[in-house]
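Reviewing the structure listed below.
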Amino acid sequence: MRHVISLLLENEAGALSRVSGLFSARGYNIESLTVAPTEDPSMSRMTIVTSGSDDVVEQITKQLNKLIEVVKVVDLSEAAHIERELMLIKVRAVGKDREEMKRMVDIFRGRIIDVTDSSYVVELTGSLDKLDSFISAIDRELILETVRTGVSGIGRGDRILKV
Amino acid sequence: MVLTGAEIVVRCLQEEKVEYLFGYPGGAVLFIYDELFKQEQVRHVLVRHEQAAVHAADGYARSTDKVGVALVTSGPGATNAVTGIATAYMDSIPMVIISGQVPTAAIGLDAFQEVDTVGITRPCVKHNILVKDIRDIAPAIKKAFYIAKTGRPGPVLVDIPKDITAQRAEFSYPQEVSLRSYNPVVKGHSGQIRKAAQLLLEAKRPMIYTGGGVILSDAAKQVTKLARQLGFPVTNTLMGLGGYPASDKQFVGMLGMHGTYEANMAMHYCDVLLAVGARFDDRVIGDPKHFQAEPRKIVHIDIDPSSISKRVKVDVPIVGDVKEVLEELSRLIEAGEKPNPENTAAWWKQIGEWRDKKCMEYKNSAEVIKPQFVVQKLWEVTGGDAFVCSDVGQHQMWAAQYYHFDEPRRWINSGGLGTMGFGLPAAMGVQLAHPDKPVAVITGEGSIQMCIQELSTCKQFRLPIKVLSLNNRYLGMVRQWQQFFHGNRYSESYMDSLPDFAKLAEAYGHIGIQVTKPSDVEPVLREVYTKHKNDLVFLDFQVDPTENVYPMVQGGKGLTEMILGSEDL
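These protein sequences, in sequence, are chains A and B.
For the first sequence, this note's numbering assigns the number 1 to the initial residue and increments by one for each residue that follows.
For the second sequence, this note's numbering assigns the number 1001 to the initial residue and increments by one for each residue that follows.
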């Protein structure tokens, strides 16, 4: 089953490789991993999307907690939460495709953030599914380049991950 | 006080009351060695290979409750140390390893003797730290000692670039460490402990199974007290030997791949299992599916939450220091109703029947020395009082089976990683920590050659270790598996062109004796522990080359599917 694990860790050199090394050493899956500092610059927040049986995911959270630099671990997918991912996608935009692409971006509530006479860069935020749907909705041939951040997650309401 | 980085390193070790530092000098640690030269508090032990420095520090730590410390140089110094570090990591041994690194400005430029030590050791340390600023040396070392010995212990490596050891900075040793990300749980959850007590008191077929965690937490007394209160049978894992007195009538022997029939059967058929500081690993329970097919309630006490429900689902997990939890459990049981021995009478009867199989009996011989016989005689001659360090293979299992440990920290072996070459260097650390105690290495002609250079270190530091090599001219455990599972094809397991070990020991300045006759075993051992008490003696026992270790649970099989002897093959 798919799980979204969120963790706070010390913003120190090597902390990221400790986490990624743990996943490879123990044979856990990583679908995506994102990390950046929080409002407290000494701490980073990481979101890992992984999959595995309940037993495996329990081990993953325990093993993550064991890392000295990991401050807190929570499995967001255990309860109500929000997932968002940012995608920048560069598409060919000439002739009739230009109008069509603009309409599609509007439908998906994306934004065009770079324009040349032959291409757009589209910025799109949403759940993983939404970004996937956009990619399948447009003509494959028109895609020049795609870059996605991977999922970031946060708990709904009172669920707060903080020290 | 303004000091150089090297002075700070040495001062930190002094502050941590480090008695012995096991190491080997080299370019990146020259400033540190220069400071070591100028002081006497921390005594440096010069090994002959960095692997041995780490094993010696490891043996020191295992036989005491202190942190073992090793110092190695950058590059090959660090890579040679890796086997030692991984050995300590697998067995959760508290250690601090200080490694030199190339100067900060040279890092990443493929400098001479440069290796990414922090990267290489990351998967086999509890934690590691690359110090990039002289002001971080003291906090890093303080943190390293703290992390190494608290929680589930383990090795911590501190990598220090050479230029930093030459710089100068203000020194003050931190009094305390506080880490927001690391706060090991010590006290167990009292509700869970109450539940555990309830289960134990209701048990009809109880079993207490204890592992290395009991040794590490110095909880042997607590295990013994609880076991006596309850009157339950006790088994130890390979790492847990000495956690309960082997000579006690409630002890059913070691369990697992080469455990006793009664221990394995009782482990399998118990209705309530109390697991203490043990982790249900593959060498202990065999196939987890087979094990879990038999219904039972499991209480598991461990300081490491990730050890709980890792291979086997447990019913009452208790995270905490086993010593503290056992004490609370004992108090609860003492305060409540007395356990009724009638509850377990039938179970003890059953265990008695299993014991009657006498699975540890072996056929002795008047012609050829049986390896089990050597260990048995060592136990008798030393009165069970020796520190026994072993290498890895058949001899390790015979040592575990036939030397009966009544006390913790007497049995020193590489259980998790299974590192051949561990025994002799580990014994150096043990002997230094216990200068007046008998220390024996039980090894084989294969293992001993992996770190035999340390006979030289033993000479330099006058360590009166007794090396008992059970020489069967085979990599015995490999040969045994080849016999059982690979159609007697002894691929590369025969040891040809062996040295004359007695002469080799003499060349190193020790006493070497070859023993070929069973009738000589005991007299030689007696002589070694009296006349040669203060010498290192290398005993090359020419043992039966075809002897196998029994009982045996084949890899992937269940605990009840034991091979008890050659007739079961």
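The C-beta atom is built at its ideal place from N, Cα and C for all residues, glycine as well.
How would you call residue i, buried or exposed, if buried means at least 16 neighbouring beta carbons within 10 angstroms?
i	result
G1286/B	buried
S1063/B	buried
N1364/B	exposed
V1002/B	exposed
L1200/B	buried
M1267/B	buried
L1498/B	exposed
S1472/B	The amino acid occupying residue 1472/B in the given sequence is Asn; Ser does not appear at that position. Under this definition N1472/B is a buried residue.
F1037/B	exposed
Starting from residue i, follow the alpha helix (DSSP H) in both directions and report where the run begins and ends.
i	result
M1428/B	1423-1433
S1493/B	Neither: S1493/B is in no alpha helix (DSSP H) and is coded neither H nor E.
N1264/B	1261-1269
F1501/B	1501-1507
I1333/B	1322-1335
Q1014/B	1005-1015
I1448/B	First-last for I1448/B: undefined, no H or E at that position.
T1121/B	1117-1121
F1405/B	Per DSSP, F1405/B belongs to no alpha helix (DSSP H) and is neither H nor E.
H1300/B	From DSSP, H1300/B is part of no alpha helix (DSSP H) but of the beta strand (DSSP E) over 1297-1302.
R98/A	96-107
Y1529/B	1518-1530
Q1192/B	1190-1202
T1235/B	Taken as a continuous stretch (DSSP letters only), T1235/B belongs to no alpha helix (DSSP H), being part of the beta strand (DSSP E) at 1234-1236.
Quick one: residues in its chain with C-beta nearer than 6 Å to the C-beta of residue i, no 5 flanking neighbours on either side, listed in chain order?
i	result
M1477/B	G1393, Q1394
A1088/B	D1058, M1095, P1155
L1130/B	V1118, D1159
G1558/B	G1286, D1287, H1290
A1169/B	I1134, R1135
R2/A	S51
H1300/B	A1275, I1308, V1314, P1317
T1235/B	Y1209, V1252, L1255, A1263
P1161/B	Q1101, P1103, T1104
D1540/B	S1469, N1471, F1501, A1502, Q1514
Find the residues of chain A that neighbour residue i, judging by a C-beta separation of less than 9 Å, and give them in chain order.
i	result
P968/B	Here chain B comprises residues numbered 1001 to 1569, so residue 968/B is not present and cannot be evaluated.
I1147/B	I68
Could you pull out every residue in the same chain whose Cβ sits closer than 7 Å to the Cβ of residue i, ignoring the five residues on either side in sequence?
i	result
E1454/B	V1047, R1048, A1052, L1424, P1425, M1428
A1106/B	E1114
E1324/B	V1186, K1187, G1188
K1132/B	T1104
A1366/B	P1518
V70/A	L7, L9, L64
T1151/B	The sequence as given places Gly at residue 1151/B; Thr does not occur at that position. Correct list, in chain order: P1184, I1303.
How far does the beta strand (DSSP E) with residue i in it extend, from its first residue to its last?
i	result
H3/A	2-10
E123/A	119-126
Y1020/B	1020-1023
C1389/B	1387-1390
A1088/B	First-last for A1088/B: 1076-1090, but that is the alpha helix (DSSP H), not the beta strand (DSSP E).
E1170/B	1168-1170
N29/A	Looking at the DSSP string, N29/A is not in any beta strand (DSSP E), and its letter there is neither H nor E.
M1254/B	1251-1254
T1210/B	1206-1210
Just to make sure I have the definition right: I need the residues of chain A whose C-beta is within less than 8 Å of the C-beta of residue i. Which are they?
i	result
S1309/B	D55, E58
Y1182/B	I68
I want to verify the contact list: residues of chain B whose CB lies under 7 Å from the CB of residue i, in sequence order.
i	result
R18/A	R1122
G21/A	R1122, P1123
E10/A	S1181
V163/A	R1180
I want to verify the contact list: residues of chain B whose CB lies under 9 Å from the CB of residue i, in sequence order.
i	result
G14/A	V1118, G1119, R1122, N1128, I1129, L1130
I'd like the list of long-range same chain contacts for residue i, defined as Cβ closer than 8 Å, with 5 residues on each side in sequence excluded.
i	result
P1408/B	V1214, I1215, D1218, A1220, G1242, G1243
E1522/B	K1377, E1380, V1381
H1510/B	L1455, C1458, K1459, D1535, L1536, V1537, F1538
Q1482/B	N1488, R1489, Y1490, S1491, S1493
Y1060/B	Y1020, F1022, K1066, G1068, G1429, V1430, L1432, A1433
Less than 7 Å between the CB of residue i and some heavy atom of the ligand HEM, yes or no?
i	result
L22/A	Summarising the ligand content, the structure contains no ligands, and the ligand HEM is consequently not present.
Could you run through the segment 69-82 of chain A and flag, in chain order, every residue whose CB is less than 9 Å away from some CB of chain B?
E69, V70, V71, K72
Residues of the segment 1107-1131 of chain B in Cβ contact with chain A at a cutoff of 9 Å, in chain order, please.
V1118, G1119, R1122, P1123, K1126, H1127, N1128, I1129, L1130
Where the segment 1369-1393 of chain B meets chain A: residues whose CB sits under 7 Å from a CB there:
none
Cβ-based contacts, 8 Å cut-off: residues of the segment 23-40 of chain A near chain B:
A25
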